[in-house]
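Visitor: Going by the numbering used here, the sequence shown opens with residue 2, and the numbers climb by one from there. Even for Gly, the Cβ is constructed at its ideal location relative to N, Cα and C.
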Amino acid sequence: MTKIVDEKENKELLQNLESFGVLGHCGEVYLTLLSEKEAGITLLEQKTGLHRQLIYNALYDLEKKGLTKHTIYNGRKRFSSQPAKRLQTLVDEKQKIASSLIEKLSALSLPGQKQEFEVFQGEVAFIAHEMKSLLEAQEGETLSVLASNWERFYNIMSYKIDDYEKLRSARNIKLRIIGLESQISFMRVAKTKRPLFEYRVVPGLKNGLMDTSIWEKSISFNFFGEPPIIFDLKNEEIARSQQTFFDSLWNMGKE
Numbered sequence: 002m003t004k005i006v007d008e009k010e011n012k013e014l015l016q017n018l019e020s021f022g023v024l025g026h027c028g029e030v031y032l033t034l035l036s037e038k039e040a041g042i043t044l045l046e047q048k049t050g051l052h053r054q055l056i057y058n059a060l061y062d063l064e065k066k067g068l069t070k071h072t073i074y075n076g077r078k079r080f081s082s083q084p085a086k087r088l089q090t091l092v093d094e095k096q097k098i099a100s101s102l103i104e105k106l107s108a109l110s111l112p113g114q115k116q117e118f119e120v121f122q123g124e125v126a127f128i129a130h131e132m133k134s135l136l137e138a139q140e141g142e143t144l145s146v147l148a149s150n151w152e153r154f155y156n157i158m159s160y161k162i163d164d165y166e167k168l169r170s171a172r173n174i175k176l177r178i179i180g181l182e183s184q185i186s187f188m189r190v191a192k193t194k195r196p197l198f199e200y201r202v203v204p205g206l207k208n209g210l211m212d213t214s215i216w217e218k219s220i221s222f223n224f225f226g227e228p229p230i231i232f233d234l235k236n237e238e239i240a241r242s243q244q245t246f247f248d249s250l251w252n253m254g255k256e
């Protein structure tokens with residue numbers, strides 16, 4: 002791995018790259034290419050310590066995302082990174098997908114049915130939305146979360162997470178989370194420390210940029226880019242439809 006950053010900073014960079022959808026060994030290979038400017042497979046093996054096939058798999062995924070490119074010199078491939086600002090394009094693409102999804106979901110609603118749509122951008126707005134959602138919910142309601150990046154949620158909430166949990170407990174709001182297999186230890190600990198908390202793990206669920214939060218009368222799509230963005234749609238019919246989908250995954254999951 003690149004020597005430009007120390008171990009702690011490197012770990013933080015890899016975690017941040019995951020929030021952009023650059024997962025697994027892709028982050029290690031991408032950081033190495035940013036450092037080396039250009040490299041062949043042999044050099045990437047030496048710098049990352051990864052098996053050659055893992056590097057090829059990572060390069061394939063990175064090139065699909067537009068984060069790397071390759072040239073052929075004397076019959077051999079040379080790989081290089083695209084500018085880091087390409088990461089912003091990934092976020093923009095996810096936001097476009099979310100907007101398109103919300104439009105399609107809205108089209109499913111019954112004529113004349115009441116609905117509201119709001120956007121919350123930035124960490125301060127993100128925190129405000131989460132606290133506001135707890136206050137607006139009915140006491141005893143259940144919040145269902147399809148979480149692909151739960152750690153990022155807690156990082157954003159940071160100093161407000163204890164207030165969030167106290168308010169959730171005071172209003173008797175149950176939290177049901179479907180998470181990744183890689184998060185199971187974290188969720189087991191959370192279940193012992195947090196009231197009204199249940200979780201399931203669904204094999205094959207991938208880490209990514211977006212979580213989905215489902216209330217009785219609303220649904221929000223939480224994008225963990227820089228900055229984080231929440232698309233919030235208040236529509237009871239769509240919320241019920243998404244809850245049905247969530248419940249089917251929940252029944253397939255395991256603790």
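(1) By alpha-carbon positions, which one of Ser186, Glu137, Pro196 and Met188 ends up nearest to Trp216?
(2) Rounded to whole angstroms, what is the Cα-Cα separation between Glu124 and Ile157?
(3) Would a C-beta distance cut-off of 9 Å place Gln116 and Lys192 closer than the cut-off?
(4) Tell me whether the beta-carbon of Val120 lies closer than 9 Å to the beta-carbon of Asp233.
(5) Please list the terminal residues of the continuous beta strand (DSSP E) segment that includes Asn252.
(6) Measuring CB to CB, does Leu34 end up less than 9 Å from Thr69?
(7) Specify, as a first and last residue, the run of the beta strand (DSSP E) that Val23 falls within.
(8) Considering only the beta carbon of each residue, do Leu147 and Ser134 sit closer than 9 Å?
(9) Helix or strand or just coil, what does DSSP make of Arg153?
(10) Please work out which residues of its chain come closer than 8 Å, Cβ to Cβ, to Thr3, disregarding the five sequence neighbours upstream and downstream, and give them in chain order.
Guide: Quick answer:
(1) Sequence index remark: in the sequence shown, residue 216 carries index 215 (1-based). Closest option to Trp216, Cα to Cα, is Glu137.
(2) As a first step, residue 124 is located in the sequence shown; it is residue number 123 there, counting from the start. As a first step, residue 157 is located in the sequence shown; it is residue number 156 there, counting from the start. Rounded to the nearest angstrom, the two C-alpha atoms are 6 Å apart.
(3) The sequence position of residue 116 within the sequence shown is 115, counting from 1. The sequence position of residue 192 within the sequence shown is 191, counting from 1. Their beta carbons are not under 9 Å apart, which means Gln116 does not touch Lys192 by this criterion.
(4) If you number the sequence shown from 1, residue 120 lands on position 119. If you number the sequence shown from 1, residue 233 lands on position 232. Annotated as proximal: Val120 and Asp233, with beta-carbon spacing under 9 Å.
(5) For the purposes of this step, residue 252 is taken as residue 251 along the sequence shown, with counting starting at 1. Taken as a continuous stretch (DSSP letters only), Asn252 belongs to no beta strand (DSSP E), being part of the alpha helix (DSSP H) at Glu237 to Met253.
(6) Numbered from its first residue, the sequence shown carries residue 34 at position 33. Numbered from its first residue, the sequence shown carries residue 69 at position 68. Contact: yes.
(7) Along the sequence shown, one-based indexing puts residue 23 at 22. Note, Val23: premise wrong, no beta strand (DSSP E); not H, not E.
(8) The residue you call residue 147 lines up with position 146 of the sequence shown. The residue you call residue 134 lines up with position 133 of the sequence shown. In this structure, Leu147 sits away from Ser134, with a CB-CB distance that is not shorter than 9 Å.
(9) Here residue 153 corresponds to residue number 152 of the sequence shown, with the count starting at 1. The answer is helix: DSSP assigns Arg153 an H, G or I state.
(10) Within the sequence shown, residue 3 is the residue found at index 2, counting from 1. With a pLDDT of 43 at Thr3, under the threshold of 50, the modelled position of that residue is not reliable, and the figure given next carries that caveat. Taken in chain order, the residues that qualify are Asn11, Leu32, Thr33, Leu35, Ser36, Glu37 and Lys48.
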